[in-house]
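Keeping their order, the protein sequence lines are chains A and B. By this note's numbering, the letter at position 194 of the first sequence is numbered 194, and the numbering carries on one by one without gaps. By this note's numbering, the letter at position 84 of the second sequence is numbered 305, and the numbering carries on one by one without gaps. What follows is a single structure, written as structure tokens, with notes after it.
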Amino acid sequence: MGNMKARLVWLVLCGIWGSTWLFIKLGLADLPPFTFAGIRFVIACTILVSLIRIRGIQLPKARADWILLAITGILAFGLNYGLLFWGEQYISSGLAALLQATIPAFGLVFAHFHLPGERLSWTRIGGVILGVCGVAVVFSNQLAVAGSEALAGCVALIFSSIFVAYSNVLVKAYGKNLEPAILSAGQMFFGLLLLRPLEYHSKVTRCTFIGRRWQSSRFFI
Amino acid sequence: MAVIALFYLAVVGSVIAFLLYYWLVLNIDVTKSMLIALVTPVVAVSLGMIVLDEEIGWRTLIGGAMIITGIAFIVVCKAKPQRSTEDAKDFQTSA
């Protein structure tokens, strides 16, 4: 990270996303996860759209930009969160955190093929492996996988990491001309198109989202 | 309490966070921006320990040290990737 502003933003984001789980814990005392996340992103999307209008930011005109927003939105918000909500019913919060920590590992692989400036190197591979192992150590008392449902939950979490990593790399590779506000709002909009039916489905089937497990389990949202 | 939580998560945890995140993605290596995923669990656990007044265990200390070392490894040690002229120009202006 070459400049101070980028480093500062990086640290601020660690603080923000590290603090969200406390508020998720508070919110989940009153609302189920899908509803809670759904309302959260509807509010956020509305604010972002208002911001875009107030600041007079031009909406993308190229079809390719809309396709990028749709694909990355479905990957990063729809599939990512959908799989997380589903998978975290069956595994511990620590294991969920560990599996989410594989995002940069998958990101390295995808970036290698899509971004000429971010090829795999031993330094990057070693650093990410050390980091993922560090997360494993932090949650080493919660990593047991018991039963096929827990295994399915792990697979869901791994795929959610793959999808969000791929989405990030696609944004970097093909979204350079898009404003962060357009990217955020567009992705949330397309992601919500997928999340809302899932939320409805979860209500209909009365999936039991066990708050105890869920409450402390979502770190990167 | 749910209203306060929703407000924080929508405004700070979503609007501000994703605006900052995509700015970051577009301005530094995406592989470095994704390293945030390694740090947030430790921040979350540490915050919980502060809020819940619990002691920080050896797992968090050792694991946190490993994560920071891993990230430092990536950030400090400069790789020498193949780079096209255009990408090299982008890197100079952004990273």
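No residue lacks a Cβ here, since even glycine has one placed at the ideal position from N, Cα and C. Predicted, not measured: the structure shown is a model, and the values here were computed from it.
Where residue i falls, given that 16 or more other Cβ within 10 Å makes a residue buried
i        : result
A:Glu149 : exposed
A:Ile54  : exposed
B:Thr290 : exposed
B:Val224 : exposed
A:Asn168 : buried
A:Arg124 : buried
B:Asn248 : buried
A:Ser216 : Here the model assigns A:Ser216 a pLDDT of 40, short of 50, so the residue's position is not dependable, and the following value carries that caveat. Label assigned to A:Ser216: buried.
B:Met222 : exposed
DSSP state of residue i mapped onto helix, strand, coil
i        : result
A:Asn80  : helix
B:Tyr243 : helix
B:Arg304 : Its pLDDT being 47, under 50, B:Arg304 is placed unreliably in this model, and the value from its coordinates should be taken loosely. Reduced to three states, the DSSP call for B:Arg304 is coil.
A:Ser93  : helix
A:Ser50  : helix
A:Arg40  : helix
A:Ser121 : coil
A:Arg55  : coil
A:Phe178 : Looking at the sequence shown, residue 178 of chain A is not Phe but Leu. Correct three-state label for A:Leu178: coil.
A:Ala144 : coil
A:Met188 : helix
Residue from the options with nearest C-alpha to residue i
i        : options                                   : result
A:Met188 : A:Phe110, A:Asn80 and A:Gly56             : A:Asn80
A:Ala37  : A:Ala144, A:Gly82, A:Pro60 and A:Ala173   : A:Gly82
A:Pro197 : A:Ile74, A:Val109, A:Leu99 and A:Asp30    : A:Ile74
A:Ala222 : A:Leu51, A:Ala156 and A:Cys133            : Chain A is shown only over 1 to 221; residue 222 of chain A falls outside these bounds and no answer can be derived.
B:Pro262 : A:Ala181, A:Gly117, A:Gly134 and A:Leu68  : A:Gly134
A:Leu48  : B:Ile237, B:Met222 and B:Phe228           : B:Ile237
A:Trp122 : A:Phe113, A:Leu115, A:Pro116 and A:Leu108 : A:Leu108
B:Val260 : A:Gly175, A:Gly131 and A:Ala76            : A:Gly131
Bounding residues of the alpha helix (DSSP H) (the contiguous stretch that carries residue i)
i        : result
A:Gly18  : Met4 to Gly27
A:Pro60  : Premise fails: A:Pro60 is in no alpha helix (DSSP H) and is neither H nor E.
A:Phe139 : It is not in any alpha helix (DSSP H) - A:Phe139 carries neither H nor E in the DSSP assignment.
B:Ile280 : One detail in the question is off: residue 280 of chain B reads as Arg in this sequence, not Ile. Start and end: Trp279 to Val297.
A:Ser167 : Gly147 to Tyr174
A:Pro104 : Ile103 to His114
B:Pro262 : Ile257 to Val272
B:Leu230 : B:Leu230 -> no alpha helix (DSSP H), and no H or E assigned at all.
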